[in-house]
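Below is one structure, written out as C-alpha cells; comments come after it.
There are 2 protein chains.
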Amino acid sequence: MTELNKDTEGKILEAAQDVFTEKGMSGTRMQEIADKAGINKSLLHYYYRSKEKLFGAVFKTVLTRFLPKTLKILNAEMPLFEKIEKFVDAYLDIIMKNPSAPIFLINEMHKNPNGIASIMINAFTDMGFHPAERFAVDVETAKKQGLIRDDVNAKHLFVNMMSICIFPVAARPLLQRIGFDNNSKDYDLFLSVRKTEVRNFIINSIKK
Amino acid sequence: MTELNKDTEGKILEAAQDVFTEKGMSGTRMQEIADKAGINKSLLHYYYRSKEKLFGAVFKTVLTRFLPKTLKILNAEMPLFEKIEKFVDAYLDIIMKNPSAPIFLINEMHKNPNGIASIMINAFTDMGFHPAERFAVDVETAKKQGLIRDDVNAKHLFVNMMSICIFPVAARPLLQRIGFDNNSKDYDLFLSVRKTEVRNFIINSIKK
DNA sequence: TTTACCTTTGACCAGTTGGTTAAATTATTT
DNA sequence: AAATAATTTAACCAACTGGTCAAAGGTAAA
Numbered sequence: 003m004t005e006l007n008k009d010t011e012g013k014i015l016e017a018a019q020d021v022f023t024e025k026g027m028s029g030t031r032m033q034e035i036a037d038k039a040g041i042n043k044s045l046l047h048y049y050y051r052s053k054e055k056l057f058g059a060v061f062k063t064v065l066t067r068f069l070p071k072t073l074k075i076l077n078a079e080m081p082l083f084e085k086i087e088k089f090v091d092a093y094l095d096i097i098m099k100n101p102s103a104p105i106f107l108i109n110e111m112h113k114n115p116n117g118i119a120s121i122m123i124n125a126f127t128d129m130g131f132h133p134a135e136r137f138a139v140d141v142e143t144a145k146k147q148g149l150i151r152d153d154v155n156a157k158h159l160f161v162n163m164m165s166i167c168i169f170p171v172a173a174r175p176l177l178q179r180i181g182f183d184n185n186s187k188d189y190d191l192f193l194s195v196r197k198t199e200v201r202n203f204i205i206n207s208i209k210k
Numbered sequence: 003m004t005e006l007n008k009d010t011e012g013k014i015l016e017a018a019q020d021v022f023t024e025k026g027m028s029g030t031r032m033q034e035i036a037d038k039a040g041i042n043k044s045l046l047h048y049y050y051r052s053k054e055k056l057f058g059a060v061f062k063t064v065l066t067r068f069l070p071k072t073l074k075i076l077n078a079e080m081p082l083f084e085k086i087e088k089f090v091d092a093y094l095d096i097i098m099k100n101p102s103a104p105i106f107l108i109n110e111m112h113k114n115p116n117g118i119a120s121i122m123i124n125a126f127t128d129m130g131f132h133p134a135e136r137f138a139v140d141v142e143t144a145k146k147q148g149l150i151r152d153d154v155n156a157k158h159l160f161v162n163m164m165s166i167c168i169f170p171v172a173a174r175p176l177l178q179r180i181g182f183d184n185n186s187k188d189y190d191l192f193l194s195v196r197k198t199e200v201r202n203f204i205i206n207s208i209k210k
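Protein sequence lines, in the order shown, are assigned to chains A and B. Our numbering applies: residue 3 is where the first sequence begins, and numbers increase by one. Our numbering applies: residue 3 is where the second sequence begins, and numbers increase by one.
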C-alpha cells in the first residue's frame, strides 16, 4: 500500500492491479487479492460483484494510464521530429514505471479480444480522436518540407516506434537472457540509455 | 491434427501446444487438451506425468522452433547488411507462421522466470554459441569498412531488430485496434509488406 | 437510546481441476 | 494359445475456486 488512509475500494483496486498485471486473469486468485489488500475475500464481492468485473476495472485503469497521455502527444500540433522525441520520452517513462503493464495488456487482449473490446471502445470514445490518422498527416507534411525520405510509411513508422519502445521492457526476461547473460544490472544500464538510442534510431532511419 | 497416422504422444504434444500457446499455463485445462487430441484425460498423465511436465515439453518445443534457426543466421559468416536481411526474412517467416508463439513465450517467462530457466539453459547449451557477441563483431567490422555510422550500438540494434519483427505480430489485437480500425484484412496487408519495410527501416537507420 | 444503514466477517457451497487407480482392451512375446 | 507387457478407459477423489449468506460491527440520524 502506498497510502495508509486509503479507502477499502481503493486498496482493493491497487491490490488487484498488482496481482492481475503480474499473473493475468486466469492465474489470479481472489484470495490473493484479498490477502494483499488486507481484507476478507467477501469484501471483494461486496465492492466488485465478480472476478470479471474487478478485472475489467483493473484493465481499464491500466489502459487509460497508458494510452491517453501518449496519444495526446501524437495528436498535438508539433513538428514531426519534435513529436517523435516527445513521444519516445513520455512513452518510455510510463513503460519503465509500469514494466509489467504492457505484457499484461497485450496478453489479455490476445486471450480475450472480444471481451476486451467494449472497454477499448469506451477508452477511445473518451479520448475523442484518432491518433494514427493525425500522425499520418504530420508525416506527409514532413515529406513535403523535404525533411524525411519519400518512401517513409506513417503506419509502419508508428508501429516501429511503439515496438522498439515497448518490446525491450516487455520481453526483458527473454532478451536479458539471450543478450546479457541474464545480468539484471547490465540490462538496467541498457534500458537507461534507451531514450536517446531509440530517438536516434528512428530519426536516422527517416531523415533525408 | 495435421497427420492421421501420428502416435498418441505426438497427438498430445500437438494438442497441448495449441491450447497452451493460446491460453497460457494457468488458463489451460487438461480436459481441453485431451478433447483436442481425441483421447482420454488419463492418457495425458500416462505419457506426461503432470501438467507442469507437459507444459515444459511444449515450452521447449516452441522455444527451439524459434531460436536456433534464426540464431544460426546471426552466427554465420556474412556481411552485416546481408545478415540483417536474412535474419528479418527468416524471423518474420517463423513469427507469421506461429503468431501466438512469441506472446506465449514472453508471457510465461515473465510469470515464471525461474521455472523456465532450466529449459532455457538446456536450449542454449544445445546450440553451443553466443549469438549476440558474434553480431557485435559484425557491427564493428562494418564500422571499420565505413558502411555504417560510428555511433551504432550492436546490442541496441539487435534488440531493435527483434522488437520490430516480433511486436507487430504479438501485439496485433492492440495495434489493429488503435491503427487499423480493427480491420483484420487491412492488418494482414500491413504485415505482408513488413519484410521489406523492416529491412529498409533498419538499414536506413545505420548506413552511412 | 433506538433505528436504520453501511461495512466487514466467518462459515459454507456447488462446480471445477489436476491427478489416481483398478479394470479393460490391445499388442507383443513365448 | 497362453502369458506378459503396453496402452486406454471410466469412475472416482481431494483440493481449490469463485461466489453466497446470515450474522456481527460500526456509524450517523431520529
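Note that beta-carbon positions come from the ideal geometry of N, C-alpha and C, so glycine has one too.
Cross-chain neighbours of residue i in chain B, by beta carbon under 7 Å
| i | result |
| --- | --- |
| A/R179 | M122 |
| A/A134 | I180 and G181 |
Interface partners of residue i on chain B, CB under 9 Å
| i | result |
| --- | --- |
| A/G148 | Here the premise fails: no neighbours, minimum Cβ distance about 16 Å. |
| A/S102 | H112 |
Nearest to residue i (by Cα), restricted to the options the options
| i | options | result |
| --- | --- | --- |
| B/M80 | B/V139, B/G181 and B/T10 | B/V139 |
| B/M98 | B/M122, B/N77 and B/F68 | B/F68 |
| A/N77 | A/I35, A/F61 and A/A134 | A/A134 |
| A/A39 | A/E16, A/K146, A/Y48 and A/G117 | A/E16 |
| B/K62 | B/S194, B/E142 and B/G117 | B/G117 |
| A/K210 | A/N162, A/D152 and A/V161 | A/D152 |
| A/L176 | B/E11, B/H47, B/N114 and B/S44 | B/N114 |
| A/A144 | A/A36, A/L82 and A/A59 | A/L82 |
| B/D91 | B/D9, B/T10 and B/M163 | B/M163 |
| B/S52 | B/I35, B/T66, B/V141 and B/V64 | B/I35 |
| B/D9 | B/Y49, B/S44 and B/K146 | B/Y49 |
| A/A59 | A/F137, A/D37, A/L107 and A/N185 | A/L107 |
| A/F137 | A/L73, A/Y189, A/A18 and A/K146 | A/L73 |
| B/S122 | B/E11, B/L94 and B/L65 | In the sequence as displayed, the identity of residue 122 of chain B is Met instead of Ser. Nearest of B/E11, B/L94 and B/L65 to B/M122, Cα basis: B/L65. |
| B/S44 | B/E11, B/V21 and B/I75 | B/E11 |
| B/E24 | B/L193, B/I75 and B/F57 | B/F57 |
| A/E193 | A/L46, A/K146, A/I150 and A/D95 | As written in the sequence, residue 193 of chain A is Leu, which differs from the Glu given in the question. Looking at the Cα atoms, A/D95 is the closest of the given residues. |
Counted within 10 angstroms of its Cβ, other Cβ atoms place residue i as buried (16 or more) or exposed
| i | result |
| --- | --- |
| A/K13 | buried |
| A/S165 | buried |
| B/K187 | exposed |
| A/L6 | Residue confidence is low: A/L6 scores 40 on pLDDT, short of 50, so the model does not pin down where it sits. No coordinate-derived value is stated. |
| B/E54 | exposed |
| B/T198 | exposed |
| B/N1 | The structure shown does not extend to residue 1 of chain B, since chain B is modelled only from 3 through 210, so no value can be given for it. |
| A/V195 | exposed |
| B/L191 | exposed |
| B/Q19 | buried |
Listed by chain order, chain B residues near residue i by CB distance under 8 Å
| i | result |
| --- | --- |
| A/G26 | G26, S28, G29, N109 and K113 |
| A/L176 | L107, I108 and M111 |
Residues that residue i contacts on chain A, provided the C-beta gap is smaller than 7 Å
| i | result |
| --- | --- |
| B/N155 | E199 |
> Is the stretch 194 to 210 of chain B touching the stretch 83 to 100 of chain B in the sense that three or more CB pairs, one from each, lie closer than 8 Å?
Replying inline: Short answer: they touch.
> Using a Cβ cut-off of 9 Å, which residues of the stretch 191 to 207 of chain A contact any Cβ in chain B, in chain order?
Replying inline: Answer set for the stretch 191 to 207 of chain A: F192, V195, R196, E199, V200, N202, F203, I204, I205, N206 and S207.
> On the three-pair Cβ rule with 8 Å, is the stretch 174 to 187 of chain A touching the stretch 152 to 168 of chain B?
Replying inline: Output reads yes: the stretch 152 to 168 of chain B touches the stretch 174 to 187 of chain A.
> According to a CB-to-CB cut-off of less than 9 Å, which residues of the stretch 157 to 174 of chain A neighbour chain B?
Replying inline: K157, H158, L159, F160, V161, N162, M164, S165, I166, C167, I168, F169, P170, A172, A173 and R174
> Hey, is the stretch 163 to 173 of chain A in contact with the stretch 92 to 109 of chain A, meaning 3+ C-beta pairs nearer than 8 Å?
Replying inline: Segments in contact, yes.
> Are at least three pairs of beta-carbons, each pair with one atom in the stretch 21 to 34 of chain A and one in the stretch 22 to 34 of chain B, less than 8 Å apart?
Replying inline: Pairwise C-beta distances place the stretch 21 to 34 of chain A in contact with the stretch 22 to 34 of chain B, as three or more of them are shorter than 8 Å.
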